[in-house]
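Here's the structure we're looking at; comments come further down.
Numbering (my numbering), first residue to last: 1238 to 1378.
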């Protein structure tokens, strides 16, 4: 297994984003690569957000049964359980780093999962949170 990497919700949603084939291709490549390496880390929050976005707010909403099958696959990776302690740490990080509580929880989960890379388009590319670095896989080059 290579070093664990955290995949934010947007990466998983783009796996089903047929209206944006470029992002879908990037997300699929990254997901398949990390899955093959055994390095994929997500959190219970990511699972919840994926289901909500995929079945309610995506431009091309997917069926709940399809989203549930995707959840089953995603849940086979390393899933960090959000704990009350992590929520408290996220609340502090949220205030200190000027992040939403949801973004701060993603950071806390990535750190708890031993990740040094957080793949997301929702944070500034290259931003660091201690040993954790944000990489926006959709940036060209």
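No residue lacks a Cβ here, since even glycine has one placed at the ideal position from N, Cα and C.
When we look at the beta-carbon of residue i and count the other beta-carbons within 10 Å, is it buried (16 or more) or exposed?
i	result
residue 1306	exposed
residue 1389	For the chain, the structure presents residues 1238 to 1378; residue 1389 sits outside this window and is missing.
residue 1253	buried
residue 1412	The displayed coordinates of the chain run from 1238 to 1378. Any statement about residue 1412 would go beyond what the structure contains.
residue 1327	buried
residue 1321	exposed
Report all residues from its chain with a CB closer than 6 Å to the CB of residue i; omit the five preceding and five following residues, and keep chain order.
i	result
residue 1317	1280, 1346, 1349, 1350
residue 1360	1371
residue 1248	1264, 1356
residue 1282	1319, 1342
residue 1290	1250
Leaving aside the five residues before and after residue i along the sequence, list all residues of the same chain whose C-beta is less than 8 Å from its C-beta, in chain order.
i	result
residue 1292	1298, 1299, 1300, 1301, 1304
residue 1267	1244, 1248, 1356, 1374
residue 1362	1371, 1372, 1373, 1376
residue 1239	1274, 1275, 1276
For residue i, tell me which candidate among the options has the shortest Cα-Cα distance.
i	options	result
residue 1352	1275, 1338, 1358, 1368	1368
residue 1294	1278, 1272, 1251	1251
residue 1315	1258, 1325, 1275	1275
residue 1312	1323, 1366, 1257, 1284	1284
residue 1354	1278, 1272, 1269	1278
Skipping 5 residues on each side, what residues in its chain have a beta carbon closer than 7 Å to that of residue i?
i	result
residue 1330	1336, 1341, 1344, 1345
residue 1286	1246
residue 1288	1304, 1308
What are the uninterrupted segments assigned as beta strand (DSSP E) that are 3 or more residues long and contained completely in the segment 1320 to 1363, given in chain order? Under the rule that a run must span 3 or more residues, the beta strand (DSSP E) segments found entirely inside the segment 1320 to 1363 read 1354 to 1356.
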